[in-house]
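Participant: Okay, here's the structure, questions in a sec.
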Amino acid sequence: MTETLRLSVNGIQREITAAPETPLLYALRNDLHLKGTRFGCGSGQCGACFVLIDGHAAPACDTPLWAVAGKAITTIEGLGEHTLSRAFVDEQAAQCGFCTSGILISAAALLGRNSKPTETEVRAALDRNLCRCGSHNRMVRAVLRAAQAER
Amino acid sequence: MSAVSTSRPMPPGSLAKSPRLSQWIRIEPEGTFCVFTGKVEIGQGILTALAQIAAEELGVSAGRVRMIAADTSVSPDEGVTSGSLSIQDSGTAIRRACAHARKLLIGRAATRLNVPVAGLHVEDGTVRSAGRSTTFWECADSTLFDCEVDENIALKSPGRYRIVGTPQARVDLPDKIAGRPRFIQDMVLPAMLHARVVRPSRGFTKLAGLDEGKLSLPGSAILVREGSFLGVLAEREETAIAAQRAVREGARWEDASPVPGDVHSWLKSHAVDHRIISEKADPTALERVGRTLSAAYAKPYIFHAPIGPSCAIAQVQGGKLLVWSHSQGIFNLRRDLALALGMHEDEVIVRHVEGSGCYGHNGADDAALDAALLARAAGGRPVRLQWMRDDEFAWAPCGPAMALELSASVDQAGKVVAWRHELWSNGHSSRPGRSEYPSLVAASHLPTPFPRPAAINMPLPAGAADRNAIPLYNFPNQRVVNHYVREMPVRTSALRSLGAYGNVFAIESFMDELAGVAETDPVAFRLRHLKDDRAQSVIEAVARQAAWAEWKPADGAGHGVAFAKYKNLGAYCAVVAEVEVGREVRVKRLVLAVDVGLIINPDGVRNQIEGGAIQSTSWTLKEQVKLDAHGIASLGWEDYPILTFSEVPAVEVELLDRPDLPAVGAGEAAQGPTAAAIANAVAHALGVRVRELPLTPERIISAIERQ
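Protein sequence lines, in the order shown, are assigned to chains Y and F. Numbering follows this note's numbering, with no gaps: position 127 of the first sequence is 115. Take the position in the second sequence, starting the count at 1, then add 6; the result is the number in this note's numbering.
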């Protein structure tokens, strides 16, 4: 059964009419037209659909809408002109770019709790995200560059 | 050969098939050039590199060139974006087309200013003479480029390049990094329906039963059935997914033949064609035979495993079928779609839209036919068909398993006097457009099913299963045999580097084993057998860069070297791997030296080489498609682990610039040598050789136990 659900996405209150068990991913992509959150596996194993939920990186593909009511959701679009995005462009830290949104989200969550991460900490924070093109090292450099720039 | 074919040399690159200048370039009044290519962006940065070539030859800034995404209705047909050929094929054609276009534009400007060409000063499209000026865009009209590309027009000499050879930021990355819609998965058309295809996760011959009366489909979802092809359409995406689940539960399928337990033994007993692809005999050298060594190597089935599963959009409009696809070959796809659907090719338009990285022939083309079949049931509304993760793993073609046997003899002086290499494999290409029947998955599930074409091998010198099977080393006696297996327990097709990955892994592992017999350093042993100075240079460069000679032994640590010239035609690549072997193999560092001839975009080449090396590390340490009697048993990432951020090694790339030599592709050069360098480093660390990929802890333990 569909219901009208209220979500806070990128700081804006939004209303969505959908079944409460609908994965957040489809509400973001199809109702709110926020296409930066990607479908990768549907079971939270690849990280392509990560969003920040109250500051923590979490998969939107297996998070139902009912579970995020009242929580602050930030998508890649919500990061806006973030230091991280600039650092990723500066480092040319992508090849196909499909996994990148989820990786920026994991990196933003990391920098939110640790402004001076070591390389090992950056890698550990990104271990839940899969990258198939082999852009890992460039991405790690980009996150370290962004952390440096924030200081 | 006929007089016609000899009277005129073959035009370079893709000009042979698309000779008209207007097929390659158009000038826009606002001061830009639209450049057309049949090659597609698959995450490798090709559009950026082609734009560099165009801007260089036109003599304008890179920002004035707009690359047009491939579309069967407007673009030159350049076949498939594969084999690291885009720079050669498309780059060569674009370079010549742009040189011709510039000459025509300058000619027009001279007429307009009424001065000889020699008196003109041209900069970024503005043409000046004695205080007067005009621009390329003022001079051009729609007929100017309506001619054949003149191949005799002088090209800019590489010594004067200002854009080619400099690092250029990728044109597509700012959108992708910001999460702006750019992928086919993000496309939305008015009144678009969401669709899913319904197949079992295992191979089947046909749909055995589906009780449509008992099906309870959620919401507005509808079932589409054509023979054994099933799909669902819905207004909302989550409804389509729920409907897919419901139909899956209600459908019964007739199983395909079981998959053999030991694939490598099975391959060796099922070859139907045995071809000697290289043979050399020198009886004098054979008199020097000292020790002889034999070894068997194996590689498993490997997934392409794009992070974004395949997707396509299709719409039936005014008797035409429009398809948006992330296929690597939109013209070939159009041909197979027309065949499968009983349409004429000119009734089908395929447009390329970027997708997730593809790494070869994945599910993109198959998803396009799925979308087209569902669009025929959608009353003219566009249909977005998205494969789920298990659709991609279960149904996209895999990189083929290979069995390899090598033997060689070494003389007293430590030189190889005889070499034998035999390989057993399915074909490495079942791409669309190359067979009598469509190669798309759903074509064999239609009411009148098409037979599924067997994967084939393209001919040498590029080859497919036998790509890089002929060693570049100089051996006086040599025999290389390709045993082709037609029957496919698992659907196979082109995975990045094709047979080169398995062949180079085997050749370069075996070279180290022979160096051991000859009691020679592996770098010196390779150099001893090479005459090609570019090959020697990359090996010497990598040894220097990795400080090979200064290696300090440590417990559990090892280093290894390997080399290949991709396809024996393309890029030279040498790799040194440094590993630590404990409970599992950790690759700590990879150093690569690469020669791609003229470098178009140095950062693009680095990115491709780094990525290729890391992906190969993942294949080599972790990847194998799990099989059981019913077929593929890896249906999610939990059953198909790949390298994680913490496991990725440091990667250093040294580029050897050869501005006077032709530019060749970089995308597939690193795969084979990286695998062998890691295997050699593991053998160096353990004193035990693991000859079956991937190099998992289980394989290493069993190799130690066997010793």
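Backbone N, C-alpha and C fix where the C-beta goes; we use that ideal spot for every residue, glycine too. Everything numeric in this text was worked out from a predicted model, so none of it was measured.
Taking the C-alpha atoms as reference points, what is the distance between Y:L132 and Y:L72?
Facilitator: Those two C-alpha atoms are separated by around 9 Å.
Participant: Counting C-beta neighbours from all protein chains within 10 Å, is the total for F:D397 16 or more, i.e. buried, or is it exposed?
Facilitator: Buried, since its Cβ has 16 or more Cβ neighbours within 10 Å.
Participant: With a threshold of 8 Å on Cβ separation, who are the neighbours of F:L3 within its own chain once the five nearest residues in sequence on each side are excluded?
Facilitator: Not covered by the structure: residue 3 of chain F. The range shown for chain F is 7 to 713.
Participant: Does the separation of the CB atoms of Y:L40 and Y:T62 fall below 7 Å?
Facilitator: Yes; because the gap between Cβ atoms is below 7 Å, this pair is in contact.
Participant: Using a Cβ-Cβ distance under 7 Å, would F:R395 count as near chain C?
Facilitator: Of the protein chains in this structure, namely Y and F, none is chain C.
Participant: If we ignore side chains and look at the alpha-carbon of each, how far apart do F:G267 and F:D634 end up?
Facilitator: So the two alpha carbons sit approximately 7 Å from each other.
Participant: Contact criterion: CB-CB distance below 7 Å. Does F:P388 meet it with respect to chain Y?
Facilitator: No, F:P388 does not count as interfacial toward chain Y.
Participant: F:Q195 and F:L150: beta carbons closer than 7 Å?
Facilitator: The residue you asked about is not Gln; residue 195 of chain F is Leu in the sequence shown. Cβ distance not < 7 Å, so F:L195 and F:L150 don't count as in contact.
Participant: Give me the Cα-Cα distance between F:T172 and F:N607, rounded to the nearest whole angstrom.
Facilitator: Approximately 6 Å, taken between the alpha carbons.
Participant: Using a threshold of 7 Å, state whether the C-beta atoms of F:P700 and F:K628 are closer than that.
Facilitator: In contact: F:P700 and F:K628 (Cβ atoms closer than 7 Å).
Participant: Please report the distance separating the alpha-carbon of F:N338 from that of F:Y307.
Facilitator: Cα to Cα, F:N338 sits roughly 25 Å from F:Y307.
Participant: Look at the alpha carbon of F:D342 and the alpha carbon of F:Q334, and state the distance between them as a whole number of angstroms.
Facilitator: Going from the Cα of F:D342 to the Cα of F:Q334 covers about 13 Å.
Participant: For F:P453, which residues from the same chain have a beta carbon less than 7 Å from its beta carbon, with the 5 sequence-adjacent residues on both sides left out?
Facilitator: These residues qualify, in order along the chain: E232, G233.
Participant: Say whether chain Y places a C-beta atom closer than 7 Å to the C-beta of F:S13.
Facilitator: Only weak support is given to the placement of F:S13: the predicted model assigns it a pLDDT of 43, under 50, and the question is left unresolved by the model.
Participant: Using Cβ-Cβ distances below 9 Å, what residues of the stretch 153 to 180 of chain F are close to chain Y?
Facilitator: So the close ones are P173, A175, R176, D178, L179, P180.
Participant: Please decide whether Y:V39 counts as near chain F, where near means a Cβ-Cβ distance under 7 Å.
Facilitator: No, its Cβ sits nowhere closer than 7 Å to a Cβ of chain F.
Participant: Please look up how many angstroms separate the CB atoms of Y:M127 and Y:I91, rounded, as I've assumed it's under 8 Å.
Facilitator: Between Y:I91 and Y:M127 the Cβ distance is about 6 Å, and since that is below 8 Å, they are a contact.
Participant: Taking Cβ-Cβ distances below 9 Å as the criterion, which residues of the stretch 113 to 124 of chain Y are in contact with chain F?
Facilitator: Here the close residues are A113, L114, D115, R116, N117, L118, C119, R120, C121, G122, S123, H124.
Participant: Among residues of its own chain, excluding the 5 on either side of F:V66, which ones have a beta-carbon nearer than 6 Å to its beta-carbon?
Facilitator: Cβ neighbours of F:V66 beyond the five flanking positions: D130, G131.
Participant: By Cβ distance below 8 Å, which residues in the same chain neighbour F:L550 in space, the five residues on each side in sequence not counted?
Facilitator: This sequence places Arg at residue 550 of chain F; Leu is not what is there. Same-chain partners within the cutoff: there are none.
Participant: Beta-carbon within less than 7 Å of Y:Q83's beta-carbon, same chain only, minus the 5 sequence neighbours each way: which residues are those?
Facilitator: Cβ within range, chain order: C121, S123.
Participant: Beta-carbon within less than 7 Å of F:V170's beta-carbon, same chain only, minus the 5 sequence neighbours each way: which residues are those?
Facilitator: Excluding positions up to five away in sequence, the list reads Q58, I59, E62, I606.
Participant: Just tell me which of F:R440, F:H434, F:A563, F:A568 has its CA closest to the CA of F:E586.
Facilitator: Taking only the C-alpha atoms, the option nearest F:E586 is F:A563.
Participant: Between F:R714 and F:H636, how many whole angstroms is the CB-CB distance? I'm expecting something under 8 Å.
Facilitator: Since the displayed chain F opens at 7 and closes at 713, residue 714 of chain F lies outside it and no answer follows.
Participant: Between which residues of its own chain and F:Q392 is the CB-CB distance below 6 Å, once the five residues before and five after are set aside?
Facilitator: For F:Q392, where only same-chain residues beyond five positions count, the Cβ hits under 6 Å are C317.
Participant: Could you check whether the Cβ of Y:A192 sits closer than 7 Å to any Cβ belonging to chain F?
Facilitator: Here chain Y covers residues -11 to 139 and nothing more, so residue 192 of chain Y does not appear.
Participant: With a threshold of 7 Å between beta carbons, is F:E719 in contact with chain Y?
Facilitator: Nothing about residue 719 of chain F can be reported from this structure: the residues present for chain F run from 7 to 713 only.
Participant: At a Cβ threshold of 7 Å, is Y:R111 touching chain F?
Facilitator: Yes, Y:R111 counts as interfacial toward chain F.
Participant: State the DSSP-derived secondary structure class of F:G405, mapped to helix, strand or coil.
Facilitator: Strand, per DSSP.
Participant: Identify every residue that forms a DSSP beta bridge with F:D634.
Facilitator: Bridge partners of F:D634: F:G637.
Participant: At which residues does the alpha helix (DSSP H) containing F:L213 begin and terminate?
Facilitator: Taken as a continuous stretch (DSSP letters only), F:L213 belongs to no alpha helix (DSSP H), being part of the beta strand (DSSP E) at 210 to 216.
Participant: Please list, in chain order, the chain F residues whose beta carbon lies closer than 7 Å to that of Y:E138.
Facilitator: Near Y:E138 there are no residues of chain F at all, since even the closest Cβ is about 17 Å away, more than 7 Å.
Participant: Report yes or no: do three or more beta-carbon pairs, one from the stretch 407 to 427 of chain F and one from the stretch 199 to 207 of chain F, lie closer than 8 Å?
Facilitator: The answer is no - the stretch 199 to 207 of chain F does not touch the stretch 407 to 427 of chain F, with fewer than three Cβ pairs under 8 Å.
Participant: For F:V121, does the three-state DSSP call read helix, strand or coil?
Facilitator: F:V121: coil per DSSP, three-state reduction.
Participant: Along the alpha helix (DSSP H) that carries F:L56, what are the first and last residues, could you check?
Facilitator: Its alpha helix (DSSP H) spans residues 52 to 64.
Participant: Taking buried to mean at least 16 other C-beta atoms within 10 Å of its own C-beta, is F:S226 buried or exposed?
Facilitator: When all chains shown are included, F:S226 counts as exposed.
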